[in-house]
Amino acid sequence: MSGDERELHLAWQRHVGIGAEAAHWFDTVMGAYRAEGRHYHTVRHVRWVVQHIRALAPPAGVVDGDLDTAVAAAFFHDVVYDPTANDNEATSASMARRALTDLGWPPGPTDHVAAMIEATADHGTAGDDLATCVMLAADLGVLAAEPSPYGDYVRNVRKEYRHLDDAAWTAGRSSFVRSMLDRSAIFPVPLRLNAWERRARANLTAELAAMGSLSDGGASDAREP
């Protein structure tokens with residue numbers, strides 16, 4: 162077990178479940194994130210999201226059961242990941258439902274986890290649901306990273322979209338970047354992540370300029386954050 166997985170195993174035991182069935186599901190989830198062809202949506206990405214959820218949650222008042230649901234959603238949100246498909250979030254949510262039901266989670270929190278996962282399809286508004294706000298912000302947090310890790314993120318997502326030629330990738334990626342910049346707020350407003358907002362906009366603007374895509378471009382299936 163890698164260092165990332167050891168850290169995640171502790172988080173899993175604390176927030177998701179313990180015992181033989183929980184251990185089985187943890188191994189299943191980690192195996193999915195280790196799959197060949199993943200370069201960004203890996204075990205390390207899950208660790209990043211879980212770490213940021215646990216950092217963002219207390220100031221937002223997300224504690225106890227709501228924190229558990231956000232962390233569980235982080236574990237499952239990219240468990241199914243096929244860059245050529247458009248139903249990854251729905252399929253990941255279905256797996257989360259099966260796993261959490263097996264682990265004895267009640268229907269309400271299980272539905273909450275599934276809804277959070279489905280919300281990552283477009284990272285739209287979470288309304289007043291602060292647990293979902295925290296989870297979505299943590300998932301998008303890489304957009305506010307320093308320039309070097311931000312560049313690593315873009316390069317690794319490009320590797321996952323290796324089925325696209327450069328023209329299709331650039332069209333799709335620039336469309337995604339513009340869609341983020343066109344939002345009134347990239348991160349959920351209730352969290353007041355002003356510094357993240359500034360860094361994310363700087364990174365996205367620099368990426369768009371580097372692609373030479375400051376004018377409107379075409380769309381493609383390259384929509385991953």
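Note that my numbering has the sequence shown beginning at 162, numbered continuously upward. Ideal placement from N, C-alpha and C gives every residue a C-beta, glycine not left out.
Taking the alpha-carbon positions, what's the alanine 218 to threonine 331 distance?
Against the sequence shown, residue 218 aligns to sequence position 57. Against the sequence shown, residue 331 aligns to sequence position 170. Computed Cα separation, rounded: 35 Å.
Alanine 367 to isoleucine 214 span [Cα, whole Å]:
Position 206 of the sequence shown, counted from the start, is the residue given in the question as residue 367. Position 53 of the sequence shown, counted from the start, is the residue given in the question as residue 214. Rounded to whole angstroms, alanine 367 to isoleucine 214 spans 27 Å at the Cα level.
Which term fits isoleucine 347, buried or exposed, when burial requires 16 or more other beta carbons within 10 angstroms of its beta carbon?
Your numbering for residue 347 matches position 186 in the sequence shown. Buried, because 16 or more other Cβ atoms sit within 10 Å of the Cβ of isoleucine 347.
I'd like the span of the alpha helix (DSSP H) that includes glutamate 182, first residue to last.
Taking the sequence shown and counting its residues from 1, the one referred to as residue 182 is at position 21. Unbroken alpha helix (DSSP H) run through glutamate 182: 181–194.
If we count the other Cβ atoms within 10 Å of its Cβ and call it buried at 16 or more, is threonine 262 buried or exposed?
Here residue 262 is taken as the residue at index 101 of the sequence shown, counted from 1. Counting other Cβ atoms within 10 Å of its Cβ, threonine 262 stays below 16 and is therefore classed as exposed.
Alpha helix (DSSP H) segments (min. 4 residues) lying fully within the region 188–270:
204–221, 225–237, 249–263
By DSSP, does glycine 378 sit in helix, in strand, or in coil?
Numbered from 1 along the sequence shown, position 217 holds the residue referred to as residue 378. Only weak support exists for where glycine 378 lies, its pLDDT of 46 falling under 50; the coordinates are left without a value.
Assuming contact is defined by CB atoms lying nearer than 8 Å, are asparagine 247 and valine 241 in contact in what I supplied?
Here residue 247 corresponds to residue number 86 of the sequence shown, with the count starting at 1. Here residue 241 corresponds to residue number 80 of the sequence shown, with the count starting at 1. Contact flag unset, no.
Please confirm whether aspartate 227 and alanine 292 have their CB atoms less than 8 Å apart.
For this step, residue 227 is matched to residue 66 along the sequence shown. For this step, residue 292 is matched to residue 131 along the sequence shown. In contact: aspartate 227 and alanine 292 (Cβ atoms closer than 8 Å).
Do three or more CB pairs link the region 313–323 to the region 194–214 at distances below 8 Å?
yes
Which same chain residues end up closer than 6 Å to tryptophan 173 when comparing Cβ atoms and leaving out the 5 residues on each side of it in sequence?
As a first step, residue 173 must be located in the sequence shown, where it is residue number 12. For tryptophan 173, where only same-chain residues beyond five positions count, the Cβ hits under 6 Å are Phe187.
Measuring CA to CA, which of Met372, Val274, Asp283, Met277 is closest to glycine 312?
In the sequence shown, residue 312 corresponds to position 151, counting from 1. Met372 is the residue among Met372, Val274, Asp283, Met277 whose C-alpha sits nearest the C-alpha of glycine 312.
Once the 5 residues before and after glycine 379 are set aside, which same chain residues still bring their CB inside 6 Å of it?
Here residue 379 refers to the residue found at position 218 when the sequence shown is read from its first residue. Confidence is the limiting factor: at glycine 379 the pLDDT is only 44, short of 50, which leaves the residue's position unreliable, though a coordinate-based value still follows. Contacts found: Ala332.
Would you kindly report the start and end of the unbroken alpha helix (DSSP H) that includes leucine 297?
Stepping through the sequence shown from its first residue, residue 297 is reached at position 136. Start and end: 291–301.
Exposure label - alanine 275; buried when at least 16 CB within 10 Å:
The residue labelled residue 275 in the question sits at position 114 within the sequence shown. Answer is buried; the Cβ neighbour count reaches 16.
Under 8 Å by Cβ, that's how I've got arginine 339 and leucine 369 pegged, so tell me the actual separation to the nearest angstrom.
The sequence position of residue 339 within the sequence shown is 178, counting from 1. The sequence position of residue 369 within the sequence shown is 208, counting from 1. Rounded, the Cβ-Cβ distance is 7 Å, consistent with contact.
Cβ neighbours of arginine 205 in the same chain (closer than 7 Å, five flanking residues each side left out)
In the sequence shown, counting from the first residue as 1, residue 205 sits at position 44. Excluding positions up to five away in sequence, the list reads Asp165.
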